[in-house]
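Peer 1: My questions will all concern the structure given below.
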Amino acid sequence: MRVLGIDPGGASGYAYGLPGQKPKSGTIRLDSGFSNGRKFATLEGRVRNIIGVYEIDAVFIEAPYIQTDPRKFDIQVVRLGYGYQAAILMACEKEGIGPERISLVEPNLWRKFAIGRGNAPKDIGAFKSGREWLKHEAVKKCDARGWPIKSQDEAEACLIWEYGCEQIEPSVTLNRMPLFGMLDL
Numbered sequence: 017m018r019v020l021g022i023d024p025g026g027a028s029g030y031a032y033g034l035p036g037q038k039p040k041s042g043t044i045r046l047d048s049g050f051s052n053g054r055k056f057a058t059l060e061g062r063v064r065n066i067i068g069v070y071e072i073d074a075v076f077i078e079a080p081y082i083q084t085d086p087r088k089f090d091i092q093v094v095r096l097g098y099g100y101q102a103a104i105l106m107a108c109e110k111e112g113i114g115p116e117r118i119s120l121v122e123p124n125l126w127r128k129f130a131i132g133r134g135n136a137p138k139d140i141g142a143f144k145s146g147r148e149w150l151k152h153e154a155v156k157k158c159d160a161r162g163w164p165i166k167s168q169d170e171a172e173a174c175l176i177w178e179y180g181c182e183q184i185e186p187s188v189t190l191n192r193m194p195l196f197g198m199l200d201l
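Everything in the sequence shown is counted per our numbering, starting at 17 for the first residue and increasing by one.
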């Protein structure tokens, strides 16, 4: 079963492949000058292409994160997050992937599985934010697994993909990791 993991955003990372193998990954970059409608249409088209060309069977999408702190809440971020999600769901539907083969994954869930913790620690040292720390950790985990990635978005998509593979074929991820990396689980 071919699995696709997606980290939706203005630079949407994606990773695909068979459980137990090394993922292939890339980034769908959406021009910041595009209207929201054009961003969503572009994302839908690119995801449809990936699903069709690589014969994807199951899709795991990072669910939008909703900021609950009223000082940091931004309605535009919410609109974009759900727009990206809708575009991906439409692509899946149009390519014949039904809801039983689509999973929305909360960020802290896949991070706890792949990184070992759902949130950044209180003391993040030189990092500007917890989010930056988490992205850095995602890159480190992909490097440890020997996965060639070009961006933080691809790294997160690879780990979402890995989480999805584990849901489909439990324990398959242990067979792929270098021995020294298994201690981090």
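Glycine included, each C-beta is placed from N, C-alpha and C at the ideal position. Computed from a predicted structure; not experimentally measured.
(1) Is it true that the CB of residue 48 sits closer than 8 Å to the CB of residue 173?
(2) Taking just the CA atoms, how far does residue 135 sit from residue 43?
(3) Measuring alpha carbon to alpha carbon, tell me which residue in 131, 129 and 150 is nearest residue 139.
(4) Would you call the region 103 to 114 in contact with the region 62 to 71, where contact means no fewer than 3 C-beta pairs closer than 8 Å?
(5) In its own chain, which residues sit with a C-beta less than 6 Å from the C-beta of residue 26, not counting the 5 before and 5 after it?
(6) Quick one, which of 24, 167, 102 and 118 has its alpha-carbon nearest residue 76's?
(7) Quick check on residue 80 - is its C-beta less than 8 Å from some C-beta in chain C?
(8) Would you give the residue range spanned by the beta strand (DSSP E) that residue 78 belongs to?
(9) CA-CA distance, residue 61 and residue 184?
(10) Within a Cβ cutoff of 8 Å, which residues of the same chain sit near residue 19, ignoring the five residues on either side of it in sequence?
(11) Applying the 10 Å Cβ sphere with the 16-neighbour rule, what's the burial state of residue 100?
(12) Taking all protein chains shown into account, do 16 or more other C-beta atoms lie within 10 angstroms of the C-beta of residue 169, making it buried, or fewer, making it exposed?
(13) I'd like to check one pair, residue 39 with residue 78: are the Cβ atoms closer than 8 Å?
(14) Apart from the five residues on each side of it in sequence, which residues of its chain come closer than 6 Å, Cβ to Cβ, to residue 97?
(15) Quick check on residue 232: does DSSP put it in helix, strand or coil?
(16) In the DSSP assignment, the beta strand (DSSP E) including residue 27 goes from what residue to what residue?
(17) For residue 120, which beta-bridge partners are listed by DSSP?
(18) Take residue 146 as the anchor and find which of 160, 127, 159 and 22 has the nearest alpha-carbon.
(19) Using the beta-carbon count (16 or more within 10 Å), is residue 28 buried or exposed?
Peer 2: So, to answer that:
(1) no
(2) Distance between the alpha carbons of residue 43 and residue 135 is about 24 Å.
(3) 150
(4) yes
(5) 46
(6) 118
(7) Of the protein chains in this structure there is only one, and it is not chain C.
(8) 74 to 78 is the extent of the beta strand (DSSP E) around residue 78.
(9) 26 Å
(10) 32, 33, 34, 35, 72, 73, 74, 75, 76, 177, 180, 181 and 184
(11) buried
(12) buried
(13) no
(14) Here residue 97 has 80 as same chain residues with Cβ atoms under 6 Å from its own Cβ, once five neighbours each way along the sequence are excluded.
(15) Outside the shown range of the chain, which is 17 to 201, sits residue 232, and nothing can be said about it.
(16) Start and end: 27 to 33.
(17) 77
(18) 127
(19) buried
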